[in-house]
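Undergrad: One structure, pasted below without further comment.
Number of protein chains: 2
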Amino acid sequence: MQPHSFVVLLFELSLVLTAAKLGGLGARKLRLPVVLGELFAGVVLGNIGLLGTDLFEIIEHDPSIEVLAELGVILLMFEVGVESTVPELMRVGRSALLVALLGVAAPFLLGFFTVRTLFPGFSFWLDIFIGATLCATSVGISARVLKDIGKVKSVEGRTILGAAIVDDVLGLVILAVVVALIGTAADPSQVESPGMASEITVIILKAFGFLVVGIVLGLLFSKPLYRWAAKVELSGMLLTLSLTLCFTFSYLAHKFGLAPIVGAFSAGLILGPDHSKIFMQQEEQTLERLLVPLSTLFVPIFFLHMGMQVDLKALFSFEAITVGIVLSIAAVVGKMASAGGILPGKDGPDRWAVAIGMVPRGEVGLIFAGLGAQMEVGGEPLLSPALYAAVIMMVFITTAMTPPLLLKRLRKIKS
Amino acid sequence: MQPHSFVVLLFELSLVLTAAKLGGLGARKLRLPVVLGELFAGVVLGNIGLLGTDLFEIIEHDPSIEVLAELGVILLMFEVGVESTVPELMRVGRSALLVALLGVAAPFLLGFFTVRTLFPGFSFWLDIFIGATLCATSVGISARVLKDIGKVKSVEGRTILGAAIVDDVLGLVILAVVVALIGTAADPSQVESPGMASEITVIILKAFGFLVVGIVLGLLFSKPLYRWAAKVELSGMLLTLSLTLCFTFSYLAHKFGLAPIVGAFSAGLILGPDHSKIFMQQEEQTLERLLVPLSTLFVPIFFLHMGMQVDLKALFSFEAITVGIVLSIAAVVGKMASAGGILPGKDGPDRWAVAIGMVPRGEVGLIFAGLGAQMEVGGEPLLSPALYAAVIMMVFITTAMTPPLLLKRLRKIKS
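See below:
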């Protein structure tokens, strides 16, 4: 007797969970990472309309599924954060910073010049914009692979995660700059404001300020808070407190211009080994164990939903496919060259593992693409539907290639 | 960089989870059941607008919170089902059937005649309708109390749960009859169809048919399915399979005219002790343990959201309060008299515990009330806003009084 849409959601959830597990099983058979199977299951579900059935179209556009998917990636990054600690992350700080800085600059330049050379018909602003879509790493998929094989705490894992945080801040800056620049181009009267540099400084200070202040305050106050919460002996108190911390940090991260997943990861960072002891005493389980059922439900929904966003039909165009391939190559080469080139050889992390871990592009690329499709320069949309499809293709290729390569590399350095 | 509404949800979730735990702590201090504290926290959040702030109004109307709340009650009833088994439930079958039948008839008659006597201004159809709103027990709150103190498997717990299933089928029948009758009244040309009796038979057969066939098929096929799922060794496979079963049964229950929670409970019934062994081998935890983190997150959202539905402002009317009190008394006396009067004394369940457990009215009462506010008889809405508020008041009083009384009674019979 519940509202109709909720009942439909129950059906959708059954279908999504089944499809995710079938995809996972298929990937396992082919010795590929499970998450790749979930992604492909999503592509299949999202494009089954091409076979003439619209049975599953509802899932793609159901806001509830999207909400559960977003909760999935938040919980995933929180889990990964719980497995990490601040000192461990600080120890790889220099490498992570370098990887992030170069890993943002190189794909941008490579993308810009490649497109400029190969597609002379594109405008200058379009080239800038396409370069920008290649910058930001989407850490979700690498985080999942690291978690699935227990490598979050490895030096490679920590470098990837640390670089991803810096990367997110840089992504913010680039978004602000590009939007301002293209705003100037679209409306020449609005000359490039001389305050640009100070604006960028504010963005960076706000973002890093939030991270530093949030994590320091969290480290100071969380232990007494958890000891109190353990004492009241209300069932589920500690887990609820942890989830509240995760959701609050995710929300605040967004308020400070960062991605919510960066907030979720930071919240997890705060809850180090000391908290595990409190959990063991009270719940006879660590927080990590308690989070497993939640991520079992939510996380596959995220990757399946991500796969569903790929519109195969939009890729049925010569321009989309050519540009898509060029972008994918620039994206991969740009990230890999920067991470592979700069990391110290012997003592530091394995440079190839880090390089591969930084390859996937995701939400940020999609947000750029969406923005580009809306923006107009000289009365035309900056990004045509075919170019939009090309960006999506790049996102999917970089995302789908990462899990098998990363898994292979991490297994190799273990042995 | 996620969509705005999702980020707001993160804030709302932090708030809802905190409020639920504060409510729970408050209730604990007053030696009341935790769930009552969650309900009251919801009433406070839902009516804080009376203090002139609209900060929390978004939560009340956020469809995402509603979806998570609905998932909460589904998961709660699934958990309770997992703790129960079919043979245990069959053993109390006769008592449960009697409790349900009389427990539906008595409040209806009592409600009808009380309103007829005390408020002669009401129309005949209104009296019928008000009687009907008093029929159906809402099992969620009693199930939560039983679960919180580990009494699901007690003979009283089983009687309440068994009666609740029958009750749901009866609620369906009454809804169909009343809507048909009032349809006849609103449009006299549409004479009471001679097929009414056969229509009711179809409703009953469909609902019971689904339950019997679903549970029998489930019992037959679930063990081989779970053995297979354990063998593939994909992480989270068993839990995902269980949740899929839960969601599918909930969806199908709705398709067969039952409440989704009845489907969730049935799915849980199928997963008996044999499955626990498979879970222990594979995941080193029982299904019950794995469900705890999920219910820790979702279930309080349900009870808080339920509390938020109470609109205190609508109760600021003499008519609403008088009728509300009369309805509450009729609702309580009707259910308690029937359960208390018929159960065998010594060997059977404690008649008072069962009687109290059947008192709460919930969603079904609210659905009736919503329907009544929409239906028109002679151009006027059947249920005026004040009467609508009175029904809500009855729902809240019967819901809020149950946890402390049930807890007290169950503790008494234990000692």
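Chain order of the listed sequences is A and B.
Each residue of the first sequence is one higher than the one before, counting from 65 in the working numbering.
Each residue of the second sequence is one higher than the one before, counting from 65 in the working numbering.
Glycine included, each C-beta is placed from N, C-alpha and C at the ideal position.
In this text the structure is predicted, and so the values were computed from the model without any measurement.
1) DSSP state of proline 445(B), grouped into three classes?
2) Measure the CB-CB distance between valine 326(B) and phenylalanine 70(A) and report whether it falls below 8 Å.
3) Name the residue from Val266(B), Gly336(B) and Ser262(B) whose alpha carbon lies nearest to the alpha carbon of phenylalanine 285(B).
4) Residues of the stretch 289-314 of chain B in Cβ contact with chain A at a cutoff of 7 Å, in chain order, please.
5) Within the same chain, show all residues whose beta-carbon is closer than 6 Å to that of alanine 323(B), passing over the 5 residues directly before and after it, in chain order.
6) Can you confirm whether serine 128(A), when its beta carbon is compared against all beta carbons of chain B, has any partner nearer than 8 Å?
7) As a quick exercise: from Ile267(B), Val230(B), Pro97(B) and Phe183(B), pick the residue whose alpha carbon is nearest that of valine 241(B).
8) Would you mind telling me which residues of chain B sit closer than 9 Å to phenylalanine 329(A), beta carbon to beta carbon, in chain order?
9) 8 Å is my cut-off, CB to CB: does leucine 140(A) come that close to chain B?
10) Contact between the stretch 459-478 of chain B and the stretch 97-107 of chain B is defined here as three or more beta-carbon pairs at a separation below 8 Å; is this criterion met?
11) Please look up how many angstroms separate the CB atoms of lysine 85(B) and methionine 457(A), rounded, as I've assumed it's under 8 Å.
12) CB-CB under 7 Å to valine 459(B), same chain, minus the five flanking residues each way: which ones, in chain order?
13) For a quick check, are the C-beta atoms of threonine 360(A) and leucine 283(B) less than 8 Å apart?
14) Count the other CB atoms within 10 Å of the CB of histidine 369(B); is the residue buried (16 or more) or exposed (fewer)?
15) Secondary structure at threonine 462(A), three-state DSSP: helix, strand or coil?
16) Kindly confirm or deny that the stretch 131-147 of chain A and the stretch 389-398 of chain A touch, where touching means at least three C-beta pairs closer than 8 Å.
17) Of all the alpha helix (DSSP H) runs that stay within the bounds of the stretch 146-174 of chain B, which reach a length of 4 or more residues?
18) Under the three-state reduction of DSSP, which class applies to isoleucine 385(A): helix, strand or coil?
19) By DSSP's criteria, glutamate 440(A) is part of a beta bridge. Which residues make up the other side?
20) Flag lysine 377(A) as yes if its beta-carbon sits less than 8 Å from any beta-carbon of chain B, otherwise no.
21) Based on Cα-Cα distance, which residue from Thr178(A), Leu358(A), Thr117(A) and Ala83(A) lies nearest to glycine 106(A)?
22) Go ahead and label threonine 265(A) buried or exposed: buried means 16 or more other beta carbons lie within 10 angstroms of its beta carbon, across all protein chains shown.
23) Which residue wins for smallest C-alpha separation from methionine 422(A), given the options Gly90(A), Leu166(A) and Arg92(A)?
24) Alpha carbon to alpha carbon, how far is alanine 417(B) from serine 340(B)?
25) Let's see if you can read the secondary structure: which residues bound the alpha helix (DSSP H) around cysteine 57(B)?
26) Are the CB atoms of threonine 386(A) and serine 78(B) nearer to each other than 8 Å?
27) So that I know if they touch, is there some Cβ in chain B lying closer than 8 Å to that of glycine 226(A)?
28) Note down, in chain order, all residues in the stretch 92-113 of chain A with a beta-carbon under 8 Å from any beta-carbon belonging to chain B.
29) Could you tell me which chain B residues have their CB closer than 7 Å to the CB of serine 78(A), listed as they occur along the chain?
30) How many angstroms separate the CA atom of alanine 170(B) from the CA atom of methionine 344(B)?
31) Can you list the alpha helix (DSSP H) stretches of 4 or more residues lying completely in the stretch 327-380 of chain A, in chain order?
32) Could you work out which residues of chain B lie near histidine 369(A), taking near to mean beta carbons separated by less than 8 Å?
33) Do you know offhand how far leucine 89(B)'s Cα is from glutamate 143(A)'s?
34) State yes or no: is the C-beta of leucine 474(B) within less than 8 Å of the C-beta of lysine 215(B)?
35) With the cut-off set at 8 Å, would you say leucine 74(A) and serine 314(B) are in Cβ contact?
36) Leucine 289(B) by DSSP, collapsed to three states: which one?
TA: So, from the data block:
1) Shown here, proline 445(B) sits in a strand according to DSSP, grouped into three states.
2) no
3) Gly336(B)
4) Val296, Leu298, Gly300, Met301, Leu303, Thr304, Leu307, Thr308, Phe311, Thr312 and Ser314
5) Asp232
6) yes
7) For the options Ile267(B), Val230(B), Pro97(B) and Phe183(B), the alpha carbon positioned closest to that of valine 241(B) is the one of Ile267(B).
8) Neighbours of phenylalanine 329(A) on chain B: none; closest Cβ ~14 Å, over 9 Å.
9) no
10) Yes, since at least three Cβ pairs between the stretch 459-478 of chain B and the stretch 97-107 of chain B fall closer than 8 Å, the two stretches touch.
11) Actually they are not in contact, since the Cβ atoms of lysine 85(B) and methionine 457(A) sit about 46 Å apart, beyond 8 Å.
12) Arg425, Gly426, Gly429 and Leu430
13) no
14) The residue in question, histidine 369(B), is buried, as its Cβ has 16 or more Cβ neighbours within 10 Å.
15) helix
16) The stretch 131-147 of chain A vs the stretch 389-398 of chain A: no contact.
17) Those alpha helix (DSSP H) runs which fall completely within the stretch 146-174 of chain B and span 4+ residues are 150-155.
18) helix
19) Pro445(A)
20) no
21) Ala83(A)
22) exposed
23) Of the candidates Gly90(A), Leu166(A) and Arg92(A), the one whose C-alpha sits nearest the C-alpha of methionine 422(A) is Leu166(A).
24) Straight-line Cα distance between these residues: approximately 29 Å.
25) Summary: the structure shown does not reach residue 57(B), with chain B confined to residues 65 through 479, and so no result is reported for it.
26) Contact: no.
27) no
28) Arg92 and Val98
29) Thr308, Phe311, Thr312 and Tyr315
30) 46 Å
31) 337-347 and 351-372
32) Residues of chain B passing the Cβ test: none, with the nearest at roughly 12 Å.
33) 27 Å
34) In this structure, leucine 474(B) lies near lysine 215(B), with their beta-carbon atoms less than 8 Å apart.
35) Serine 314(B) is positioned such that its CB atom lies closer than 8 Å to that of leucine 74(A).
36) helix
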